[in-house]
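Peer 1:
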Amino acid sequence: GNSVTQMEGPVTLSEEAFLTINCTYTATGYPSLFWYVQYPGEGLQLLLKATKADDKGSNKGFEATYRKETTSFHLEKGSVQVSDSAVYFCALKEGNTGANSKLTFGKGITLSVRP
Amino acid sequence: ETGVTQSPTHLIKTRGQQVTLRCSSQSGHNTVSWYQQALGQGPQFIFQYYREEENGRGNFPPRFSGLQFPNYSSELNVNALELDDSALYLCASSVGGNTQYFGPGTRLTVL
Numbered sequence: 006g007n008s009v010t011q012m013e014g015p016v017t018l019s020e021e022a023f024l025t026i027n028c029t030y031t032a033t034g035y036p037s038l039f040w041y042v043q044y045p046g047e048g049l050q051l052l053l054k055a056t057k058a059d060d061k062g063s064n065k066g067f068e069a070t071y072r073k074e075t076t077s078f079h080l081e082k083g084s085v086q087v088s089d090s091a092v093y094f095c096a097l098k099e100g101n102t103g104a105n106s107k108l109t110f111g112k113g114i115t116l117s118v119r120p
Numbered sequence: 008e009t010g011v012t013q014s015p016t017h018l019i020k021t022r023g024q025q026v027t028l029r030c031s032s033q034s035g036h037n038t039v040s041w042y043q044q045a046l047g048q049g050p051q052f053i054f055q056y057y058r059e060e061e062n063g064r065g066n067f068p069p070r071f072s073g074l075q076f077p078n079y080s081s082e083l084n085v086n087a088l089e090l091d092d093s094a095l096y097l098c099a100s101s102v103g104g105n106t107q108y109f110g111p112g113t114r115l116t117v118l
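For the record, the sequence lines run as chains P and F.
For what it's worth, the working numbering labels the leading residue of the first sequence as 6, then goes sequentially.
For what it's worth, the working numbering labels the leading residue of the second sequence as 8, then goes sequentially.
1) List the endpoints of the continuous beta strand (DSSP E) containing threonine 29 of chain P.
2) Taking asparagine 64 of chain P as the reference, which of P:Leu53, P:Lys57 and P:Tyr71 has the closest Cα?
3) Could you pull the start and end residues of the beta strand (DSSP E) that serine 101 of chain F belongs to?
4) Would you list the residues sitting across from arginine 80 of chain F in a DSSP beta bridge?
5) Drop a sphere of 10 angstroms on the beta-carbon of glycine 110 of chain F, count the other beta-carbons inside from all chains shown, and report buried for 16 or more, exposed for fewer.
6) Taking C-beta pairs closer than 9 Å, name the residues in chain F that alanine 104 of chain P reaches, listed in chain order.
7) Cβ of alanine 22 of chain P within 8 Å of Cβ of leucine 38 of chain P?
8) In this structure, how does DSSP classify asparagine 62 of chain F when only helix, strand and coil are distinguished?
9) At 7 Å on the CB atoms, spell out the chain F contacts of phenylalanine 110 of chain P, in chain order.
10) Would glycine 66 of chain P count as contacting chain F if we go by Cβ distances under 8 Å?
11) Listed from N- to C-terminal order along the chain, which residues in the region 15-35 of chain P have their beta-carbon within a distance smaller than 8 Å of any beta-carbon of chain F?
12) Within 8 Å (strictly less), CB to CB, does phenylalanine 94 of chain P reach chain C?
13) Closer than 8 Å, CB to CB, is glutamate 47 of chain P near chain F or not?
Below you can see the structure in the form of structure tokens.
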């Protein structure tokens, strides 16, 4: 079945540091890929997405490129802020109908940014 | 545009009881998906509703059931609650099976 693997956490960075969060996936087809962010005590917010190979999703300074050859969708940001402290989830969606449209999530990684 | 809303925010039940959680989808969205997020884990897919019918189900027992109403809002019902049902329950709405937008969740504690 489909699966998403995220690097082990937590991650602690100083403000303005460079961020990379690794995500790899296993899927039988050609999934869409997503990054969601969860702030303390809240639900999930869509951060960015990519629907086909070589697509780059970007939002709020975060970027991720859909790499089919390495089955990866690593999240990057050039300069993190304290307000980026949250839990980040990588997810995939295989299709757009029925159970195929369910999201499969990784375990999430906690990012803490120090002032 | 109104986002996805869920009620209640928090809920405490005892083992064996039944619970109903509610979700209002984002304006223009006709599909609702429900997820269970245990502490420290990623969300797990429970089921999806489209046009008032269940349209896909994850690996959850039949005591997890749901409804979708003509206005696309939805309910999640859990019977015979178990301690392991303690979790954050998230609903997400979408247009068909496209990009899903999540509500703030309902935190259920089973004692």
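Backbone N, C-alpha and C define an ideal beta-carbon position, used for all residues, glycine too.
Peer 2: Based on what the coordinates show:
1) 28-31
2) P:Leu53
3) 94-101
4) According to the sequence provided, residue 80 of chain F is serine. The question's arginine does not apply to it. Paired residues: none, contrary to the question.
5) buried
6) Phe52, Phe54, Gln55, Asn62, Gly63, Arg64 and Gly65
7) no
8) strand
9) Gly49 and Pro50
10) no
11) none
12) This model lacks chain C altogether; the protein chains it does include are P and F.
13) yes
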